[in-house]
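Below: the structure, in structure tokens.
There are 2 protein chains.
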Amino acid sequence: MAVTLKEVAELAGVSRSAVSRTFTDGASVSARTREKVEKAAKALGYRPSLIARSLATNRTKLIGLVANNFQNPAFLDVFDLFTSELQKRELRPLLVNLSGETSPKKIVELLRQYSVDGVIVATSTLPTSFATAFQTAGIPVIHTFGKFQANANVHVVGIDNEFCGAMAARTFSDRSYKTVALLGGPETATSTQDRSAGFRRAAKELGLRVAKVCYAENYTYQAGRDAMRDVLEDDAVEAVFCGDDLICMGAMDAARDAGKAIPEDIGFLGFNDIGMASWDAYSLTTIRQPIRDIIMSSVELVVGMVENPGRSPEIRLFPCSVIERGSLRPVTEL
Amino acid sequence: MAVTLKEVAELAGVSRSAVSRTFTDGASVSARTREKVEKAAKALGYRPSLIARSLATNRTKLIGLVANNFQNPAFLDVFDLFTSELQKRELRPLLVNLSGETSPKKIVELLRQYSVDGVIVATSTLPTSFATAFQTAGIPVIHTFGKFQANANVHVVGIDNEFCGAMAARTFSDRSYKTVALLGGPETATSTQDRSAGFRRAAKELGLRVAKVCYAENYTYQAGRDAMRDVLEDDAVEAVFCGDDLICMGAMDAARDAGKAIPEDIGFLGFNDIGMASWDAYSLTTIRQPIRDIIMSSVELVVGMVENPGRSPEIRLFPCSVIERGSLRPVTEL
DNA sequence: GATAATTTTGCAACCGGTTGCAAAAAAATT
DNA sequence: AATTTTTTTGCAACCGGTTGCAAAATTATC
Chain A
1 MAVTLKEVAE LAGVSRSAVS RTFTDGASVS ARTREKVEKA AKALGYRPSL IARSLATNRT
61 KLIGLVANNF QNPAFLDVFD LFTSELQKRE LRPLLVNLSG ETSPKKIVEL LRQYSVDGVI
121 VATSTLPTSF ATAFQTAGIP VIHTFGKFQA NANVHVVGID NEFCGAMAAR TFSDRSYKTV
181 ALLGGPETAT STQDRSAGFR RAAKELGLRV AKVCYAENYT YQAGRDAMRD VLEDDAVEAV
241 FCGDDLICMG AMDAARDAGK AIPEDIGFLG FNDIGMASWD AYSLTTIRQP IRDIIMSSVE
301 LVVGMVENPG RSPEIRLFPC SVIERGSLRP VTEL
Chain B
1001 MAVTLKEVAE LAGVSRSAVS RTFTDGASVS ARTREKVEKA AKALGYRPSL IARSLATNRT
1061 KLIGLVANNF QNPAFLDVFD LFTSELQKRE LRPLLVNLSG ETSPKKIVEL LRQYSVDGVI
1121 VATSTLPTSF ATAFQTAGIP VIHTFGKFQA NANVHVVGID NEFCGAMAAR TFSDRSYKTV
1181 ALLGGPETAT STQDRSAGFR RAAKELGLRV AKVCYAENYT YQAGRDAMRD VLEDDAVEAV
1241 FCGDDLICMG AMDAARDAGK AIPEDIGFLG FNDIGMASWD AYSLTTIRQP IRDIIMSSVE
1301 LVVGMVENPG RSPEIRLFPC SVIERGSLRP VTEL
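So, in structure tokens, the structure goes:
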């Protein structure tokens, strides 16, 4: 079916090695041979099989892309950027949908069977141990959006969630909010835990009262809407820090349903800056993480790992920023 | 590095074939041998290399998943369903981000180099000829969300866009709208062309006046917003049929900006029923395509093609339905 | 217990490439 | 023109599996 090395070699009247060398860069072939081979290859429509090549070179150019939040619009960017960034370097993403599965065992097996060159675990909800499992299996791995911990044994690219939590508290404080609430993502997510910790610590330092702390069951509009009911029980809450824009939008609609005006009666601060955050209907003030930088850095790092597996684990954190829109009252002038 | 067949064979004291056979179902191995092999394999942590296997069996279990609309939330479902549906059958999606590229040539080459077993082209914007290119290259292909045409030479799974266009016109007619507009997706997309044709034909038959026809530049909120300006020039327009929910939401916000109330002053009908369509801020009446069915059917079909490549091209169309919410006035009672 | 039928096993060739090595060819030096 | 150096080439082994085939082992039959 497919055209092979051998057929090209025969047509060109050279050895198989000669053909192979024409298609491997850095190999030594004379101009005349190369020309003959290229002509024959073209005539037959030959392209080297990467599968066969990988058997000999031990490089598949496949990168496992492991994700578990396929329902969050925030991931559209992630997929788009990862795929195009990998493609630029002639690498292919092998997509794995975790959907529920949180034990790395099976996934490691699976990607090992495909001899992927490296793996990018793109999820903010799993502990670092998930990524470490790949490391242990000898597969280069990057944990993108992963939990930052000083004694890292695996590459992590992302943000400092605790710092971002503190940033949220400061954002409230700067706008003279006194009584606030935290409406996080799922409590089991490491990002939620870190942001929550940072938020509460900073709130205490800044003299903010955190009147309510609750968590949405998942990263959906509906979960945000449901969890917001809890927050609304306390009438004193002036502003809510949400762990995700989608959750935040659900919460906003719940607040409006309860007759509250935004930002007059209650303020909202989101997280992620998804496309919809800028729509008129929400005009959400939110914390943005520099996704493009994070992803470019991750790809760069995974490539580096493949080339030099001994490389010691690195943590790369990028700064987040508050995108000012209309869901919080303005900064209080001093 | 990785454990190979040979090492397992040595430890188990059997031939390489015996090991291979224990891991290929349907092969003949005695219970005693199998046991010995399995024990040795476990001890070494052996898993057969799918890459090496594929060289001999000519099956990689890789399916190319080609998409070009990574920015539309409608695609979250598509990715989620495709990946999980393929995984269920032990197939792996090799993701290709078309992003701009509309010539199939390079993509075909690329997927051929990875010897994918089949390809799913998941896009409603490209002509069938794009998918046909894979067919010509001898790669089983399904065009999901593709253009339906009677003389198909390639499998198509999706909806009858022309019929859906007509359905939109009927939806307007049932609610006694008289003067309407069409705000389609990009004009180059085949789905837009078909829906537009169906809409206009049915409108004529039903005595609706199509006062404005315009197209958004891409499938984004902003493009919908921009294109809506054009529609708003004609004050007589009572309802707008949009080619996509995202576009529709942009259009709705543009209308509200212009001081129009929905649905009192102007009605909107969307397409796709993305998650946000049900949010309070939009409460969008929209046409839903049964994505889950379409994708399950596509996967089933691609598997069928792989097993039986001679299979003749089939068209599978699924019915769409109007999801009634609040962006159109109610059906007029007779 | 001998023979026939069936199952299991290992050998060796193959899938489609790469690559170290030594021989052959070409280029450079004297 | 002969010799040395450098470049190019083909051979053959290898990457990690599968599989047709014939021999060996087992099971069934008489």
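The listed protein sequences correspond, in order, to chains A and B. So that you can map any letter, position 305 of the first sequence is 305 in the numbering used here, and since no number is skipped, the others follow by simple counting. Here the numbering used here runs 1000 ahead of the position in the second sequence, where the first position is 1. Just so you know, even glycine gets a beta-carbon here, dropped at the ideal spot from N, CA and C. This one's a predicted model, so the numbers in the text were calculated from it and none came from an experiment.
Whole angstroms are fine: how far does the CA of residue j sit from the CA of residue i?
i, j, result
"Arg209(A)", "Ser173(A)", "10 Å"
"Glu1314(B)", "Asp1117(B)", "19 Å"
"Met249(A)", "Leu269(A)", "10 Å"
"Phe1271(B)", "Val1157(B)", "18 Å"
"Ala122(A)", "Thr1179(B)", "49 Å"
"Ala1056(B)", "Glu1217(B)", "48 Å"
"Leu1086(B)", "Met1296(B)", "9 Å"
"Asp1226(B)", "Gly185(A)", "34 Å"
"Leu76(A)", "His143(A)", "18 Å"
"Phe145(A)", "Ile159(A)", "7 Å"
"Arg170(A)", "Ser129(A)", "31 Å"
"Ser1030(B)", "Ala1018(B)", "9 Å"
"Asn1069(B)", "Ile1262(B)", "29 Å"
"Gly26(A)", "Asn153(A)", "35 Å"
"Leu1091(B)", "Glu1205(B)", "47 Å"
"Lys222(A)", "Glu1187(B)", "The amino acid at residue 222(A) is misidentified as Lys; the sequence shows Gln. For Gln222(A) and Glu1187(B), the distance between alpha carbons rounds to 34 Å."
"Tyr1114(B)", "Arg1059(B)", "11 Å"
"Ser1196(B)", "Pro1290(B)", "20 Å"
"His1155(B)", "Ser28(A)", "45 Å"
"Arg16(A)", "Val1303(B)", "35 Å"
"Thr1286(B)", "Asp1245(B)", "7 Å"
Residue j and residue i - do their beta-carbons sit closer together than 8 Å?
i, j, result
"Leu81(A)", "Ile120(A)", "no"
"Ala181(A)", "Lys212(A)", "yes"
"Leu1050(B)", "Lys1061(B)", "yes"
"Arg1292(B)", "Ser1321(B)", "no"
"Ser1084(B)", "Ser99(A)", "yes"
"Tyr1219(B)", "Ile1247(B)", "yes"
"Arg1112(B)", "Arg47(A)", "yes"
"Val237(A)", "Ile266(A)", "yes"
"Ser278(A)", "Ala189(A)", "no"
"Gln1135(B)", "Val1141(B)", "yes"
"Leu1044(B)", "Val1078(B)", "no"
"Gly1165(B)", "Phe1199(B)", "yes"
"Cys242(A)", "Leu317(A)", "no"
Flag residue i as yes if its beta-carbon sits less than 8 Å from any beta-carbon of chain B, otherwise no.
i, result
"Asp80(A)", "yes"
"Ser30(A)", "no"
"Thr22(A)", "no"
"Phe134(A)", "no"
"Gly118(A)", "no"
"Phe70(A)", "yes"
"Asn97(A)", "yes"
"Ser115(A)", "yes"
"Ser49(A)", "yes"
"Pro73(A)", "yes"
"Asp25(A)", "no"
"Arg112(A)", "yes"
"Asp194(A)", "no"
Hey, is residue i's beta-carbon within less than 8 Å of any beta-carbon in chain A?
i, result
"Ala1052(B)", "yes"
"Pro1104(B)", "no"
"Ser1297(B)", "no"
"Tyr1221(B)", "yes"
"Thr1060(B)", "yes"
"Leu1076(B)", "yes"
For the structure I just gave you, are there three or more beta carbon pairs, one from the stretch 8-20 of chain A and one from the stretch 34-41 of chain A, closer than 8 Å? yes
Three or more C-beta pairs below 8 Å linking the stretch 317-332 of chain A and the stretch 166-185 of chain A: yes
How about the stretch 250-257 of chain A and the stretch 225-237 of chain A: do they share at least three Cβ pairs that are nearer than 8 Å? yes
Does the stretch 57-74 of chain A come into contact with the stretch 88-105 of chain A, if we say contact requires no fewer than three beta-carbon pairs (one atom in each stretch) closer than 8 Å? yes
Note down, in chain order, all residues in the stretch 302-327 of chain A with a beta-carbon under 9 Å from any beta-carbon belonging to chain B. none
Going along the chain, which residues of the stretch 1138-1171 of chain B sit with their C-beta nearer than 8 Å to a C-beta in chain A? Gly1138
For the stretch 1264-1294 of chain B, which residues have a CB atom closer than 8 Å to at least one CB atom of chain A, in sequence order? Gly1275, Met1276, Trp1279, Asp1280, Ala1281 and Tyr1282
For the stretch 82-96 of chain A, which residues have a beta carbon sitting closer than 8 Å to at least one beta carbon of chain B? Thr83, Ser84, Gln87, Arg92, Pro93, Leu94, Leu95 and Val96
Of the residues that make up the stretch 1232-1245 of chain B, which ones have a beta carbon closer than 7 Å to any beta carbon in chain A? none
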